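Asks: This is the structure I have questions about; it appears just below.
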Amino acid sequence: MMTRRQLLALAAASLPSRADVSPADITLRISEITADLGGGHSVKTLAYNGQTPGPLLRMTEGKPVIIDVVNETLRPEMVHWHGFHIPAEADGAHEEGTPMVQGRDRRRYSFTPQPAGTRWHHTHAMAGHNLGIGSYSGQFGMVVVQPRSDPARYDLETPILLHEWEPYFASGTDMDVDYKLFSVNGKMLGAGEPIRVKSAQRVLLRVLNASATMRHRLALPGHVFAVIALDGNPVPAVRKVPVLDVSPGERVDAIVEMTQPGVWILGEEDDAQRAAGAGIVLEYAGAKGRPQWIPPPKHIWDYTAFGDVKPPVEPEARVPLIIEPGRDGNLWAINGKSYPQTDPLWLRPGVRNRLVFDNRSNMDHPVHLHRHTFEIVRYAGKPSSGVMKDVVLVPARQTVEADVLANNPGPSLFHCHQQFHMDFGFMALIRYAD
10 MMTRRQLLAL AAASLPSRAD VSPADITLRI SEITADLGGG HSVKTLAYNG
60 QTPGPLLRMT EGKPVIIDVV NETLRPEMVH WHGFHIPAEA DGAHEEGTPM
110 VQGRDRRRYS FTPQPAGTRW HHTHAMAGHN LGIGSYSGQF GMVVVQPRSD
160 PARYDLETPI LLHEWEPYFA SGTDMDVDYK LFSVNGKMLG AGEPIRVKSA
210 QRVLLRVLNA SATMRHRLAL PGHVFAVIAL DGNPVPAVRK VPVLDVSPGE
260 RVDAIVEMTQ PGVWILGEED DAQRAAGAGI VLEYAGAKGR PQWIPPPKHI
310 WDYTAFGDVK PPVEPEARVP LIIEPGRDGN LWAINGKSYP QTDPLWLRPG
360 VRNRLVFDNR SNMDHPVHLH RHTFEIVRYA GKPSSGVMKD VVLVPARQTV
410 EADVLANNPG PSLFHCHQQF HMDFGFMALI RYAD
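Heads up: the sequence shown begins at 10 in my numbering, then just goes up one per residue.
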């Protein structure tokens, strides 16, 4: 027979802790929805809080947040907080040790958001040959981490989230993914609400490429983009460009001055993609008529254009990463091995480590390092400094060098942000040497 003390102890143990019953700052519910893309097109997909993109989340740099992730599906899931410098157990990659959210279960995470800037969150589930899950799905959303003080430099802020739908293996192969439909902010061109502006306004566009596999080039006829940040990090040199070139996982913050009244298409440079939905209407107050598109001038996107003229600081260590085709059924390898056989990439803690990406393949690769930020110091032969990113496109047959300050201990996942490449070998863990 139990004593009274034992009964009281058992009752207390069965009660949820105060931390468990306290309300979360943010709740994300993962469920299957039917997304209306417009124009008579709808798709079944996985999404956050019944919508795609997920809700725009706002956090304050340095102010802790509590997040509940509720998985209403049967498949284990994971939410990655992309671009954040946070502990591995909250980052959202099970390879780092973040616990998965099992089917029909929920899990609570907490962290202090940093650094400020345009960040995002998305599933980090492996997809393989299943083109209905992972980053092919609608599980993505933008996060704006506000600095503690932010002098206004614009009149209107507009998120632009790019995504594709109805993926399929092109050309009869199982290695090249293509798409039937495209969207901006969850709607095909002409189906959603336009961006409504007034003459003389300064509009901040926060552009996110939430694609699983595709690079995009955006233009707005008659206007130029003053790029102020890449991957949420302010650039040393603000440059005006006619086209934004955004690889999977990348973000570009650009201010556009509204000086050309009319009804325009902010859209993909590629005609076929734009016709399949890759655009959004921008409408000046009082303007009427059909949205207009004019092809932009030819422009070569170059990260180094936004960099500083100062020479980069010399690193204390160098880490070679040879990117090449894999073997034994794996498409990709890092230093001769494919994940999960890849060797750890060791960084010296507390100092600058130079990652040398030697791309020996015929494909471009948008490489991403969790929980850290790269500084590009040499891009395809051109020196640079001051451009800070968490996704860097490494061109085919080129070498890119980027420094990482090893100041966030714990395992950090490094991978190609092209979902199919990541799923088939292009991943490794970065660790700190003792």
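Beta carbons: idealized from backbone N, C-alpha and C, even for Gly. This one's a predicted model, so the numbers in the text were calculated from it and none came from an experiment.
1) Tell whether a beta-carbon distance below 8 Å holds between Met267 and Gln210.
2) For Arg283, which three-state DSSP category applies?
3) Starting from Glu166 and walking both ways along the beta strand (DSSP E), at which residues does that stretch end?
4) Pull the bridge partners of Lys346 from the DSSP assignment, please.
5) Leaving out five residues on either side along the sequence, give the residues of the same chain with a beta carbon under 8 Å from the beta carbon of Leu83.
6) By how many angstroms is the C-alpha of His232 removed from the C-alpha of Trp273?
7) Could you give the DSSP three-state label for Asp114: helix, strand or coil?
8) If the criterion is Cβ atoms closer than 8 Å, does the pair Thr313 and Ala238 meet it?
9) From Leu330, Gly345, Ile331, pick the residue whose C-alpha is nearest to that of Asp337; which is it?
10) For Pro32, which option in Ile95, Ile264, Arg117 has the closest C-alpha, if you only look at C-alpha atoms?
11) Between which two residues does the beta strand (DSSP E) containing Glu86 stretch?
12) Helix, strand or coil for Asp412? Go by DSSP, reduced to three states.
13) Which residue wins for smallest C-alpha separation from Glu86, given the options His50, Val74, His133, Gln123?
14) Should Val186 and Leu140 be called a contact, given that it needs their Cβ atoms to be closer than 8 Å?
15) Measure from the alpha carbon of Thr222 to the alpha carbon of each residue in Val216, Cys425, Asp317, Lys207, then state which is nearest.
16) With burial defined as no fewer than 16 other Cβ atoms inside 10 Å of the residue's Cβ, what is the status of Met184: buried or exposed?
17) Using the three-state DSSP reduction, which class does Phe1 fall into: helix, strand or coil?
18) Does DSSP put Val265 in a helix, a strand or coil?
19) Based on the DSSP secondary-structure assignment, which residues constitute the bridge partners of Gly150?
20) Which runs of the beta strand (DSSP E), 3 residues or longer, sit entirely within the segment 189 to 218?
21) Using a Cβ-Cβ cutoff of less than 8 Å, which residues in the same chain neighbour Val74 once the five nearest sequence positions on both sides are dropped?
Replies: In terms of the structure at hand:
1) Residue 267 sits at position 258 when you count from the first residue of the sequence shown. Residue 210 sits at position 201 when you count from the first residue of the sequence shown. Yes, they are a contact pair.
2) In the sequence shown, the residue the question calls residue 283 occupies position 274. Looking at Arg283 - three-state DSSP - the assignment turns out to be helix.
3) As a working mapping, residue 166 is identified with position 157 in the sequence shown. Run containing Glu166: 165 to 178, per the beta strand (DSSP E) assignment.
4) Residue mapping note: residue 346 aligns to position 337 of the sequence shown, counting from 1. Ile343.
5) Position 74 of the sequence shown, counting from 1, holds the residue named residue 83. The residues are Gly112, Arg113.
6) Numbered from its first residue, the sequence shown carries residue 273 at position 264. Numbered from its first residue, the sequence shown carries residue 232 at position 223. Approximately 10 Å, taken between the alpha carbons.
7) Counting from one through the sequence shown, the residue named residue 114 turns up at place 105. Residue state, collapsed to three classes: strand.
8) To locate residue 313, count along the sequence shown from 1; it is residue 304. To locate residue 238, count along the sequence shown from 1; it is residue 229. For Thr313 and Ala238, no; Cβs fall outside 8 Å.
9) Position 328 of the sequence shown, counting from 1, holds the residue named residue 337. Comparing Cα positions, the closest option is Gly345.
10) Looking up residue 32 in the sequence shown gives position 23. Ranking the options by Cα distance to Pro32, first place goes to Arg117.
11) The residue labelled residue 86 in the question sits at position 77 within the sequence shown. No beta strand (DSSP E) contains Glu86, which DSSP labels as neither H nor E.
12) In the sequence shown, the residue the question calls residue 412 occupies position 403. Strand, per DSSP.
13) As a working mapping, residue 86 is identified with position 77 in the sequence shown. Of the listed residues, the one whose Cα sits closest to Glu86 is His133.
14) Residue 186 sits at position 177 when you count from the first residue of the sequence shown. Residue 140 sits at position 131 when you count from the first residue of the sequence shown. Cβ distance < 8 Å, so Val186 and Leu140 count as in contact.
15) Stepping through the sequence shown from its first residue, residue 222 is reached at position 213. Residue Cys425 is the option with its Cα nearest to Thr222.
16) Position 175 of the sequence shown, counted from the start, is the residue given in the question as residue 184. Exposed, since its Cβ has fewer than 16 Cβ neighbours within 10 Å.
17) The requested residue 1 is not part of the displayed model; the chain covers only 10 to 443.
18) In the sequence shown, counting from the first residue as 1, residue 265 sits at position 256. Strand at Val265.
19) Working through the sequence shown from its first residue, we reach residue 150 at position 141. Gly150 is bridged to His130.
20) 204 to 206, 211 to 218
21) Numbered from its first residue, the sequence shown carries residue 74 at position 65. Taken in chain order, the residues that qualify are Asp34, Ile35, Met68, Ser119, Phe120, Thr121, Pro122.
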